[in-house]
Amino acid sequence: MNVLSSPSAHLRRRQAIAKWFRRICRFMSYLLVGIVCYLLWDVISDGWHWLSWDFFQNYASRMPAKSGVRAAISGSIWVMAITIIFAVPVGIAAATYLEELMEQSRLKQFISLNIQNLAGVPSIVYGILGLTVFVRFLGFGGSVLSGGLTLGLLILPIIIIATRESLRSVPQTVRQAAMALGATKWQTVRCYVLPTSFSGILTGIILAISRAVGETAPLILVGAVAYIRYVPENPLDAYTTLPIQIYNWVGKPKAEFHELAASGIIVLLSLMFLTNLCAIILRHKKQRTYV
Amino acid sequence: MTTTSHNNPSVSSLDTASHEADNILEVRGVHAYYGSTCALRSIDLDVKANQVYAFIGPSGCGKSTFLRCFNRMNDFITDFKIEGSIKYRNTNIYHTDVDPVLVRRHIGMVFQKPNPLPTSIYNNVAWGPKINGFKVDFDELVETSLKKAALWDQVKERLTDNGYHLSGGQQQRLCIARAIAMNPDVILMDEPCSALDPISARKIEELIVDLKKDYSILIVTHNMQQAARLSHHTVFMLKGEIIEHGPTHNLFATPQQSLTKEYITGKFG
Ligand SMILES: Nc1ncnc2c1ncn2[C@@H]1O[C@H](COP(=O)(O)OP(=O)(O)OP(=O)(O)O)[C@@H](O)[C@H]1O
Ligand SMILES: [Mg+2]
Chain A
82 MNVLSSPSAH LRRRQAIAKW FRRICRFMSY LLVGIVCYLL WDVISDGWHW LSWDFFQNYA
142 SRMPAKSGVR AAISGSIWVM AITIIFAVPV GIAAATYLEE LMEQSRLKQF ISLNIQNLAG
202 VPSIVYGILG LTVFVRFLGF GGSVLSGGLT LGLLILPIII IATRESLRSV PQTVRQAAMA
262 LGATKWQTVR CYVLPTSFSG ILTGIILAIS RAVGETAPLI LVGAVAYIRY VPENPLDAYT
322 TLPIQIYNWV GKPKAEFHEL AASGIIVLLS LMFLTNLCAI ILRHKKQRTY V
Chain B
27 MTTTSHNNPS VSSLDTASHE ADNILEVRGV HAYYGSTCAL RSIDLDVKAN QVYAFIGPSG
87 CGKSTFLRCF NRMNDFITDF KIEGSIKYRN TNIYHTDVDP VLVRRHIGMV FQKPNPLPTS
147 IYNNVAWGPK INGFKVDFDE LVETSLKKAA LWDQVKERLT DNGYHLSGGQ QQRLCIARAI
207 AMNPDVILMD EPCSALDPIS ARKIEELIVD LKKDYSILIV THNMQQAARL SHHTVFMLKG
267 EIIEHGPTHN LFATPQQSLT KEYITGKFG
């Protein structure tokens, strides 16, 4: 008899388990997509009809029809700009030092471990830190600067970890090639290691930023105000941001404000979607050129 | 040939130390350790200028470790320790005053696996001289180096292509061109043909025959015929020690040690 014609009971059982495993995994992924779609549909159906040019031009108001996200969007952009200016250079420099330049040592292990832990600290804790250091000790008050720096601290560990990860993915042979030509460590890193890991670093940064855009709790602690009727003009101005505006609208009794909150969410989601799209495009654009 | 490295001020400190000694490299009492395991044991060796030295021995005997000692590439391995001295033109390259960057500028290396830099073919060759402050015509330097590496005709139309778009054998020749462009004194080659097909390997070998007129070459190989064909001297290593070394034809014709004889006749290894 042919050995292939009659699978044993044991094999049939293994195949059955494999099939069920597949089904369960498929169900979970569809479930997830379903939940996201439902949420999106809910938000869009609520908020769609408030979206108009006026919505982007108006400040917050007591009357729903005159309310808009002008201050919130500009505040969000201000805060993000400061977050990026602070966190990106510091994060890349720290990651490069830890990954490429620092000698292996206890201290390095200690720092690495702490950065891992910091990435998992709840954002409200960063809010308290920002309140103590930036708002009170350094006296920046409830300004754009305090908010941006606080969010910068929040995403710094994420940027450092992502950058180290992509630096590590550059093959050792590239470094050896450069060093064997009489390059210094820094020349090697600047000319080959950083450029080859560029797309990975960028992806990490953009993901970190899209996390920071949606943060609310720490900003409330460091003094973002909900009712702002102007666009911040310098880093020490008071401000509000999209998530805070949304939070504020949701807390109001009138149903129209709840719909406005949905509109705000649409704007916020579009913003995050755009940044993520950038990450995807950049990642595909700069494929690796080594084996 | 573009030999303008002497214009380079940063080069002088090692150059002035050189006087016309026969031995370009002198290894004295070298022990090397990875952590607590000893990879090289009391090695002594003199390397004469403009000669080819072949290093043979079974896998794991320390050939690569030894080769990397000459351009201090072992410095990047944590836990690596070296004792003894290696003198390059009468300067101990492990002396605290010696900058390893300068050592590597004079002692070039070709790796076992072709490893172009992730950049254009042109930059692969020109980058080393550029960062080391050469004041030369780089187009000309790239051309002569690629010609010496027998690669120019195949790549002259596509110098801006990425180095990784070449075939394995071409990549290895690019790596050799890159090493030559630095106008080194010594070239270290760690099994440069082992990742290549026989035809590419033969081309590299012909190239080495060409190069041995101008450079001192230290080459690790697992191929006895290759060692016999290419080298003036052969060094046989075993378990981190040099068992025997001498002129290649002597070592292959009349090995003094029984271990050497067994190895080159294929009894072990
Ligand atoms: N980075 C390292 N860390 C620890 N031990 C190492 C390291 N590199 C090499 N060794 C050890 O040192 C010894 C010599 O290794 P080496 O690579 O010099 O051998 P080799 O003669 O080049 O062998 P092969 O012919 O296989 O390339 C081996 O026992 C190896 O396990
Ligand atoms: Mg080896």
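Chains as they are written, first to last, in the working numbering: chain A, 82 to 372; chain B, 27 to 295.
Cβ atoms here follow ideal geometry from the backbone N, Cα and C, with glycine treated the same way.
Against chain A, the beta carbon of residue 99 of chain B has neighbours under 9 Å at 257, 260, 261, listed in chain order. Listed in chain order, the alpha helix (DSSP H) elements of length 4 or more contained wholly in the region 111 to 188 of chain B are 126 to 132, 147 to 157, 164 to 174, 178 to 181. Annotation for residue 349 of chain A: 323 place their beta carbon closer than 6 Å to its own, counting only its chain and skipping 5 residues before and after. Across the set B:102, B:114, B:56, the C-alpha of B:102 shows the shortest separation from the C-alpha of residue 184 of chain A. The beta carbon of residue 185 of chain A falls within 7 Å of a beta carbon belonging to chain B, placing the residue at that interface. Within the region 264 to 279 of chain A, those residues whose Cβ lies closer than 8 Å to any Cβ of chain B are, in chain order, 264, 265, 268, 272, 273, 276, 277. Contact note: residue 244 of chain A does not reach chain B at a C-beta cutoff of 9 Å; the least C-beta distance is about 18 Å. Under the three-state reduction of DSSP output, residue 258 of chain B falls in the coil class, being neither helix nor strand.
Between residue 254 of chain A and chain B, the shortest Cβ-Cβ separation is below 7 Å. Under the rule that a run must span 3 or more residues, the beta strand (DSSP E) segments found entirely inside the region 53 to 82 of chain B read 63 to 74, 78 to 82.
Separation of the CB atoms of residue 241 of chain B and residue 210 of chain B is rounded to 7 Å, and the pair is thereby assigned contact status at 8 Å.
Within chain A, 255, 258, 259, 273 have C-beta atoms less than 7 Å from the C-beta of residue 143 of chain B, given in sequence order.
Per the C-alpha coordinates, the member of B:281, B:146, B:72 positioned closest to residue 197 of chain B is B:146. Close to residue 104 of chain B, with beta-carbon spacing below 9 Å, are these residues of chain A in chain order: 184, 185. Using a cutoff of 6 Å, the CB of residue 89 of chain B counts as near ligand 1, since one of the ligand's heavy atoms is closer than that. Burial state of residue 158 of chain B is buried, judged by a 10 Å Cβ sphere holding 16 or more other Cβ atoms. Annotation note: the region 299 to 351 of chain A contains the following uninterrupted alpha helix (DSSP H) runs of length 4 or greater, listed N- to C-terminal: 323 to 331. Residue 320 of chain A and residue 193 of chain A have their C-alpha atoms spaced approximately 35 Å apart. As the crow flies, the alpha-carbon of residue 131 of chain B is around 29 Å from that of residue 85 of chain B.
In terms of CA proximity to residue 251 of chain B, B:274 leads the group B:172, B:238, B:274, B:67. With 16 or more neighbouring CB atoms inside 10 Å of its own CB, residue 326 of chain A falls in the buried class.
Chain A places a beta carbon closer than 7 Å to that of residue 127 of chain B, counting this residue as a contact. Taking a C-beta distance under 7 Å as the contact criterion, residue 363 of chain A and residue 283 of chain A qualify as a contact pair.
Assignment of residue 263 of chain B by DSSP, reduced to helix, strand and coil, places it in the strand class.
Chain order gives the chain A residues near residue 131 of chain B as 262, 263, where near means a beta carbon separation below 8 Å. In terms of beta-carbon proximity, residue 154 of chain B lines the interface with chain A, with at least one pair separated by less than 7 Å. Between residue 353 of chain A and residue 291 of chain A, the alpha-carbon positions lie close to 5 Å from each other. Shortest Cα-Cα distance from residue 177 of chain A to any of A:247, A:253, A:85 involves A:247. Here DSSP, grouped into helix, strand and coil, assigns residue 232 of chain B to helix.
With a cut-off of 8 Å on Cβ pairs, the region 57 to 66 of chain B is in contact with the region 86 to 102 of chain B, counting three or more such pairs.
Contact between residue 256 of chain B and residue 78 of chain B is confirmed by a C-beta separation of about 6 Å, below the 8 Å threshold. Between the alpha carbons of residue 246 of chain B and residue 129 of chain B lies a distance of about 20 Å.
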